[in-house]
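Here's the structure, in structure tokens; my notes come after.
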Amino acid sequence: MRLAELQRGLSAYIKSDGATPLDGVTERSKRGLPVYHYAYRASLINALRDVFERTHSWLGDDLFDDAARAHIEKNPPNSWTMSDYGLGFEDVLTDLYPENPEVAELAWLDWQLRVAFNGPDSPSLDRAKLAETDWDNAQLHITPTLTMRPVTTNVGALWGALEDKEGQPPRAHLLDVPEVLTVWRQDLAPRFQCVSELEGQALALAIAGASFGGICSELGSDAGDEAEFAAFAGAMLGRWISDDVLIDVGS
Amino acid sequence: MIHYPLPAFSGFGLGMRTPHYDAYLAGEAPVDFVEIISENYMVDGGRPLYSLDQVRERYPVAMHGVSMSVGSADGLDNAYLQRLKALAARVQPLWVSDHLCWTGIDGFNSHDLLPLPYTEEALDIAAANIIHAQDFLERPMLIENPSSYLTFADDMMSEWEFLAALCERTGCYLLLDINNIYVSGTNHGFDPLTYLGAIPADRVRQIHLAGHSHGRDGLLIDTHDQPVPDPVWALYAKVIGRFENVAVMIERDDDIPPLEDLIAEMEMARQFSQASARVAA
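Chains as they are written, first to last, in the numbering used here: chain A, 1 to 251; chain B, 252 to 532.
And the structure:
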């Protein structure tokens, strides 16, 4: 048997239900086939449990492992690194729990915190430049580890409460006003924060290359009270600086 | 084929595992070298690379991979090799190793170390892949013998003959895992001493010592989650005299005990080696 044929056969066996024996192995070693069949799923489930720690805590062992098996069935791994294997798990959870959006939102947060943990390094903001900055025209450079998505549930509170494995987490509930969940890395530590939709729009504009003045013009006109918006924008910029979301300002 | 020389390194070390990072970062772990899992550091940035840089200032580092897939019929992934090469440039390791195995085909990656049939075709393919890897990385590879639970009807040679032929054809070096030889020997019915006696000793640069578990149907399973068991120690004690100037390491991948326990195992490895040297003298 050619090597490629043998490798396709063993790959198919590993991904299958294991009921059909594999050609080309010795009679004595047929007892070893289930070892590979079992190890494939076990290692992937363990990897998912590691990355999606809070999602695992929220669902419990049985439901989480069922979801992991659904992911394995739907999305066999195709990357050289196991670190990529969480991609798409959130979508599987969305399909499995359409009435419980907090599950997929927790998974998104778990996943993005891991992505930020290993994400690209960036320089720290030179705060000495800030006093000289022409804020009307200054382009804002946002840390490359920042990512965000709209959320509809109290996922931030859930994630924080699940750190205490012995404690009782709060009930999941829908937010009165949708928020934007942001994830980034400050120095070496991944962080997250729920912000308003308006701040989410400001971040999106900054990432797209808008100047601070441009962001204020774009969003301020819709926000109504000019003084109120100026105060909001100033506070937002202050947090971006203190949280290392802003890594540089340039003309 | 380009021959890449590889100076020997003699010492005793451990695989660097997360629960013991603080000791390595502080330079307090009494080891001669550490081994890292390459893929854990083939990332863009953040704490893994920051920590690795600190550790590298304190210890020699060997890079051990699990994803090269040198036995793949559809060749190696150059994007993977590029990442590995960049990490090696950063670490300046003692060497770069991976396993005699394949992990997938046609884009599928099982993330397991799957066994090769020991045939002329597989030898041709593995040799070509190793030569490609060495030329891409511009450094020699160490190839480690895996544990296995399967043998193939088409096998034409033993695993030790296959490894010796790979060394001959590619100029690669070897990382011998004594536990894996014991596990595969038990599972497939060969004598580990025959295996170890036939390995070209001058190509061996590193030795792994580890533990295993007992599975169904009399199979031993390479779990690396146990202390080194007596039969593996006995095998090591019998053969360590064959291998001069090698790096010996305790490899524990799961159920990680306190660092002191692993240091004690490492010291036992050192004592067996010293005893063997005294007998030889």
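C-beta atoms are modelled at their ideal positions from N, C-alpha and C, and glycine is treated no differently.
Chain order gives the chain B residues near Trp80(A) as Ser318, Asp328, Tyr331, Asn360, where near means a beta carbon separation below 7 Å.
Runs of alpha helix (DSSP H) with 4 or more residues, each lying fully within the stretch 328-416 of chain B, are found at 329-342, 371-388, listed in chain order. Residue-level contact check: Ser16(A) does not touch chain B, since none of the beta carbons of chain B fall below 9 Å from its beta carbon.
In this chain, the alpha helix (DSSP H) harbouring Leu510(B) covers 510-531. With a threshold of 16 other beta carbon atoms within 10 Å, Asn360(B) meets it and is buried. Assignment of Thr147(A) by DSSP, reduced to helix, strand and coil, places it in the strand class. Taken in chain order, the members of the stretch 174-199 of chain A whose beta-carbon sits within less than 7 Å of a beta-carbon on chain B are Arg185, Leu188. In this structure, DSSP gives Leu22(A) a state outside helix and strand, which the three-state scheme calls coil.
Under the three-pair Cβ rule at 8 Å, the stretch 486-502 of chain B counts as touching the stretch 446-460 of chain B. DSSP places Cys216(A) in the helix class (H, G or I) of the three-state scheme. Within the same chain, Cβ atoms closer than 6 Å to the Cβ of Arg334(B) are found at Met293, the five residues on either side in sequence being excluded. The three-state reading of DSSP puts Cys194(A) in strand, counting E and B together. Close CB contacts of Asp363(B) within its chain, under the 7 Å cut and outside five residues either way in sequence, are with Thr354 (chain order).
With a threshold of 16 other beta carbon atoms within 10 Å, Glu290(B) meets it and is buried. The stretch 371-381 of chain B makes no contact with the stretch 84-103 of chain A; the number of CB pairs closer than 8 Å stays below 3.
Neighbourhood of Asn118(A) in chain B, by CB distance below 9 Å: Val294, Asp295, Gly296, Gly297, Arg298, Pro299, Leu300, in chain order. Residues are counted here when their Cβ sits less than 9 Å from a Cβ of chain A; for the stretch 444-478 of chain B these are Gly466, Arg467, Asp468, Gly469, Leu470, Ile472, given in chain order. Judged by DSSP in its simplified three-state form, Glu286(B) adopts strand. Contact check for Ala461(B) against Asp504(B) passes: the beta carbons are separated by less than 9 Å. By a beta-carbon distance limit of 8 Å, Asp442(B) does not contact Met1(A). Their separation comes to about 28 Å. Spanning the alpha carbons of Gln305(B) and Glu286(B) requires a straight line of approximately 14 Å. Note that the C-beta distance between Val342(B) and Gly316(B) is not below 9 Å. Just measuring C-alpha positions, the residue of Ser409(B), Val490(B), Arg420(B) sitting nearest Ala526(B) is Val490(B). Taking every protein chain shown into account, the CB of Glu199(A) has 16 or more other CB atoms within 10 angstroms, so this residue is buried. Chain A places a beta carbon closer than 9 Å to that of Thr354(B), counting this residue as a contact. In the pairwise beta carbon analysis, the stretch 8-18 of chain A is classified as touching the stretch 27-36 of chain A: at least three pairs are separated by under 8 Å. In this structure, the beta-carbon distance from Ala227(A) to Ile215(A) does not fall below 9 Å.
When 8 Å is used as the limit between beta carbons, Phe441(B) is near no residue of chain A, the shortest such separation being about 12 Å. Under the DSSP definition of a beta bridge, Gly264(B) partners with Phe284(B), Met500(B). Against chain B, the CB of Asp66(A) has no partner CB under 9 Å away; the residue lies outside that interface. Taking Ala42(A) as reference, the option from Val25(A), Arg69(A), Phe52(A) with the minimal CA-CA separation is Arg69(A). Fewer than three beta-carbon pairs drawn from the stretch 407-418 of chain B and the stretch 470-486 of chain B are found closer than 8 Å, and the two stretches are therefore not classed as touching. The stretch 84-91 of chain A makes no contact with the stretch 262-281 of chain B, as fewer than three CB pairs between them are under 8 Å.
Exposed is the label assigned to Gly250(A), since fewer than 16 other Cβ atoms lie within 10 Å of its Cβ. Nearest to Leu203(A) by alpha-carbon distance, out of Asp187(A), Val180(A), Arg185(A), Leu188(A), is Val180(A). Beta-bridge analysis with DSSP links Glu179(A) to Val151(A).
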